[in-house]
Amino acid sequence: MTAPPASPSPARAGLAASARLLWPFLAPHRAWLWAVALATPLGVAADALKPVLMQRAIDGPISAHDPAGAWWYAGAFAGAVVAHFLLSALGVYALQVAALRALAALRRGVFTHIMAQGQRFFDARTTGALMTRTTTDVEAISESLSQGLVRLVGDALLITSTLGVMLWMNAALTLVAFSVSPLLVWVVNLCRRKLRELYGALRDVQSDLNGRFAESIKGAAEVRRYGAEAQVEGRFDERSREFMRLYHRANWWDAGLYAIMDGLSSLSVGLALAYAAHRAGAPVGAGGAVSVGVLVAFIDALGRVYVPIREFSGRLASLQRAAAAAERLLELLGTRDEVPGGARRLEGAGAPTIRFEGVSFRYAPDAPLALRDVTFEVRPGEVVALVGATGSGKSTAARLLLRAYGGYDGEITLNDVPLRELDPREARRQLVAVHQDPQLFKATLAENIHLWDPALAAAPERVREAARRARASGFIESLAAGYESECASGGASLSVGQRQLITIARAFARPAPVVILDEATASVDALTERWIDEATAELFAERTVIVIAHRLSTIAKADRVVMLERGAVVAQGRHEELLRESAAYARLVGQGEG
Amino acid sequence: MSARLLVRFWREYAHKHLGTYLLGALFLLLTNLLSALAPKLVQWGVEALEAEQSAWRWAAALLGVGVGTMVVRTLSRTLIFNPGRVVEYDLKRDFFAHLLRLPRRYFEAQLSAGELINRGTNDAAAVRGLIGYGSLQLLNVTTTLLITVWQMLLIDVALTLYCALPLAAAVVVLRWAVLQMFELTRASLSQVGALSDQLLEVYGAAGLVQSFGAEGGVAARFDAQNEALLALNERLQRVAVWGLPVVSVMGSLCLVALIGAGGQGVARGDLTLGALTALVVYVGQLVGCVTSLGWLTGALQRGYISLGRMYEVLDAPVDTPAGASALLPPCAPEGPRLEVRDLTFTHPTGERPALRGVSFTVAPGEVVGVFGLTGSGKSALLDVLSRTYAPPAGAVWVDGVDVSAVAPEAHWRRVCYVQQQAFLFSLSVRENITLAAHTDEARLAAALDAACLAGEVSSFPQGVETRVGERGVTLSGGQRQRAALARAFYREGYQLLLLDDVLSAVDHDTEARLISALYARQPRCTTLIVSHRMSVLERADRVLVLDEGALVAQGTPQELARGEGLYAQAWRAQSGANAPPSAPPEERP
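Quick look at the structure:
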């Protein structure tokens, strides 16, 4: 079986992609890159000087029994050693610093890009995949830059310079010593390819194992209650065994690679010695006898040149890995799914009139219409309830108003200014949302209420006032750290009802005249439910509210009801009127009783 | 290092591989002899050339050594490395099995999930440092080192000391750098973990962040994590770049000493040129050995620490009480009789008791509702009755037997506990519901049907074979609850059913159907059902009312609704809220 040499083209393509992606982030660290460009070749030169000095010392002053001359060479050699260390370390360090800083900036860029996208972008991707783009893929690119590219260049310089010096000292001896190298290239490529496959498989198994660990820790109680330990252990064991088996195979290839490299360097030395023996007796010089100094310098050089040769194909492979990551990131950064906004602002204070005029919308080009020709109006100070069965489009209407999606037909206007021409900041000044799924951050409760709004963050009394009006101050102040209590991710340390109170406090903290309230369906205890009712009643009394209502009590409190069915408005008017006039409406709210 | 831990590790895991190791060690010895032989052959060859004799046989011998090295080294490496992987596997298996048997208490009060995963994977791998890569490589390096230094001493004592002493100093520095790197790598990995958690949270709430214009604040939090990661990585690189090459730099400086001092020796005629050449080769070997030594002592120390961390978990007691009985008295067909006597219970992480002095009795087959505000102890009560936490002795009795004296497995066989936040594995719907290798198809279909899940599951891409969770479909809160209920409907053979607010995330219509399915379930069993919803509690035989951990009232739902307590207040609030539309409309403020 012959192994094709590692193809350079995917690596080159990956390199181009990585460079295009990374350059804007790398450019600010140009000074460090200059340090790399200067220090690395100088370091290699200092390294290549060492065997030359050694040969000169042995063939010169040492053979001539000249101690002073020997010490001179020793000094020069020490200088070369120190220079090599300082220069090459500086080169590597400068490169790492530039790469790490560019990486941090790239990660920031990816994060900012993702956070600017509209909801459609998030619908099409899992948060896990986005996280992988931001962490693992960025990491792979930096690795290709620091481990792959520059070391590759450094190694190439070292190999060529050492070879050059060897050829210059004795060309015939060099050819003899390296006569085993085609075999070497073949073996190294074969082993590397096998190892790459195995390590790829191992990574997959490892991440699977980690997942199983995490699951069984979270689900341990459940597993035992159902007596399913054997099942769970069996599944884990199967993968764990696979992991071991793959590693055993990898060990064989790995051991083979190192042993052959080891053996080959002995073979090369043997061949060099054989050549010297063969030429012994001929006059010293090119094509003639090999001097002892040259032989010693060769043996030293052979010992050092094999390591970079061994690593060469590995570095190429890391470039290929980065290529895939760079392409994924370029694709991501090239995807723009922002909801476009304009620059117009609303004139005058007070709540605007909101109008949906013939709005139609679908989530994806091939998806059915989520809204069909929806028209309704919300006047200042009104409380309008959107009702309908699951999937009727009431949440979709709220999402469009909150600018989560663009690309709808018809027009949504605030005081006759189309939403798509409105400055996004102005839209946020006018509208505030209370989401149904209370999303809480791993941050303090105060932060979870002000959500890092600079004005609010600077005014703790406004945060406390909002919490008080949302009826959340009671439980917050009973906590030891009060508003500074850390909230676990997703709000796991709070009850469902408490989380809802926090999201209502967010709306109280902001003076936006219009509140879009997505009523929660999850049941909470009676006391919390009363607090939520009181807080929403207060919102109803003082703001314009569009409420996605599930409970009859809320619907009955609205000034007007808009009923949706499969994306279309089928009825609107006062609750009592609709009850009398529409059998479908009566059926729908009748369901609310349970 | 304490020898006890190592002896135990040897007895429990490592000793099985003694034969393989001895064979590996034999090949290792051969490898070392061959590599010690190589420079000797070079020396003799060069000396032969110097003396203008034939060097052919030395060259031939060197070629032989090269081929021999390839075979012997491959064998020694695999024979020594492979058992390490077996030990890692054994440790991981035992660790995993033990995790499944640890009491809930342990996960809450002792170690976080992330830390346990870390121990089960990274520490298990690091323990290999003690056995495969560690001990025998240490043996290898030490023997090579001794042979090399011995050979060097034979050639020239003073020159050997010139080289060996600076290298010994370099090892100390290297060891420090290696340990620093382990430390920093670990810190950097956990920082990546923190960053990932934050990203998941923020990307999941992107819509919220945008609608509140919170991008700035979220970005600042991201920057803090991102910069902390950058700082750690830069420190790591500083140590790696400036600290790790110390031995090879020192080795090169030793060469200087050799050329300088050795050159004089040759000049004086104390030393042959061949001997000096051999010394040069030996220094090269010495540098290799000393570098490995720095890494190895680091790896050994790390392996030892990791072993301790794994044993800490492996030694954590599983919760089977001493002398626990696995035999249970026969149970009435309608379910067991449950008795709770003066039960006081504090969560492992809690400060105040979650339950104080609770006493009640549930007759066989009775359905009892549990009502109370958030934090009143409802879930704690079910956690204790289900023996998720061990109950105090004498507090919980089933059919006259104290639960604290019963083997947990036996108790779990008769109890079915469905929690509010059901845990689903990233497996197929089928596997999540049956939790077994074999499926009774008819029972599965009936369970899905009773849990009002059949319609949705059939609309999934692969029906019951669809994976849920990260790599499959994401279930809504209501769907998760119904999947957990389906699990309970599927299961057979239990006599005590505990339901913790399992209907909180389903809509009213589905709720009504689920309640009917629950109450109609055959065979009947003794049931406790926690809920906020009157529609659920109204149909119970009896309701217990908890307030701040104490049982404040009990009675039939009708009796309680007529009273003045918490239950009556809630009943009036909810029935008012759900008043039929024909009732007179409420006055609006």
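In order, the protein sequence lines correspond to chains F and Z.
At the far end of the first sequence sits residue 580, using our numbering, and the numbering has no gaps.
At the far end of the second sequence sits residue 1341, using our numbering, and the numbering has no gaps.
Using N, Cα and C, we set each Cβ at its ideal position, and we do this for glycine too.
Uninterrupted alpha helix (DSSP H) stretches at least 4 residues long and entirely within the segment 137 to 209 of chain F occur at 137 to 155, 157 to 163 and 167 to 204, given in chain order. At a cut-off of 9 Å between beta-carbon atoms, F/GLY379 makes no contact with chain Z. Of Z/ILE1057, Z/ALA971 and Z/VAL1033, the smallest CA-CA separation from F/LEU288 is found for Z/VAL1033. Residues of chain F whose Cβ lies closer than 8 Å to the Cβ of Z/GLU979 are, in chain order, ALA90. Rounded to the nearest angstrom, the Cβ distance from Z/VAL993 to F/VAL78 is 5 Å, consistent with a contact under 8 Å.
Contact check for F/VAL96 and F/LEU319: beta-carbon distance about 7 Å, within the 8 Å limit, so the pair qualifies.
Residues of the segment 539 to 561 of chain F with a Cβ closer than 7 Å to any Cβ of chain Z, in chain order: SER539, ALA542 and LYS543. Z/CYS1168: member of the beta strand (DSSP E) spanning 1167 to 1170, first to last residue. Going by beta carbons, F/LEU487 and F/ALA458 fall inside the 9 Å limit. Under DSSP, F/VAL282 takes part in no beta bridge, so it has no partner. Under the DSSP definition of a beta bridge, Z/GLY1121 partners with Z/ILE1281 and Z/VAL1295. Z/PRO1085 sits exposed, since fewer than 16 C-beta atoms from the chains shown fall within 10 Å of its C-beta. For Z/SER1111, the enclosing beta strand (DSSP E) covers residues 1107 to 1114. The C-beta of Z/ILE1011 comes closer than 9 Å to at least one C-beta of chain F.
Bounds of the beta strand (DSSP E) holding F/VAL500 are 500 to 504. For the segment 1278 to 1291 of chain Z, the set of residues with a beta-carbon nearer than 7 Å to any beta-carbon of chain F comprises HIS1284, ARG1285 and SER1287, in chain order.
Under the rule that a run must span 4 or more residues, the alpha helix (DSSP H) segments found entirely inside the segment 993 to 1045 of chain Z read 998 to 1009 and 1015 to 1020. Near chain Z, meaning a CB-to-CB distance below 9 Å, the residues of the segment 503 to 524 of chain F are THR507, ALA508, SER509, VAL510, ASP511, ALA512, LEU513, THR514, GLU515, ARG516, ASP519 and ALA523. Taken atom to atom, the span from the alpha-carbon of F/LEU188 to that of F/ALA88 is near 29 Å. Under the DSSP assignment, F/GLU363 falls in the beta strand (DSSP E) whose first and last residues are 355 to 364. A direct Cα-to-Cα measurement between F/LEU574 and F/GLU363 gives close to 22 Å. Listed in chain order, the beta strand (DSSP E) runs fully inside the segment 523 to 573 of chain F are 530 to 534, 546 to 551 and 554 to 559, counting runs of at least 3 residues. The beta strand (DSSP E) runs lying completely inside the segment 297 to 344 of chain F and spanning 3 residues or more number zero. With fewer than 16 neighbouring CB atoms inside 10 Å of its own CB, Z/VAL1070 falls in the exposed class.
Taking the CA atoms as reference points, F/ILE532 sits about 9 Å from F/ALA544. Where Z/TRP810 is concerned, the enclosing alpha helix (DSSP H) starts and stops at 808 to 853.
By the Cβ-count criterion, F/ASP240 is buried, with 16 or more other Cβ atoms from all chains shown falling within 10 Å of its own Cβ. Note: Z/GLY1307 is bridge-paired with Z/VAL1295 in the DSSP secondary-structure output. Straight across, the Cα-Cα distance linking Z/VAL1114 with Z/VAL1297 is about 14 Å. F/LEU159 and F/LEU143 have their C-alpha atoms spaced approximately 21 Å apart. Chain Z has a Cβ within less than 9 Å of the Cβ of F/ARG227. For F/LEU232, there is no enclosing beta strand (DSSP E); the residue is found in the alpha helix (DSSP H) stretching over 215 to 265. Interface annotation, F/SER481: in contact with chain Z, CB-CB separation under 9 Å. Proximity to F/ARG179 across F/VAL67, F/LEU302 and F/ALA542 peaks at F/LEU302, based on C-alpha coordinates.
In this chain, F/LEU405 is not harboured by any alpha helix (DSSP H), its DSSP state being neither H nor E. Per DSSP, the unbroken alpha helix (DSSP H) holding F/ALA80 starts and ends at 53 to 101.
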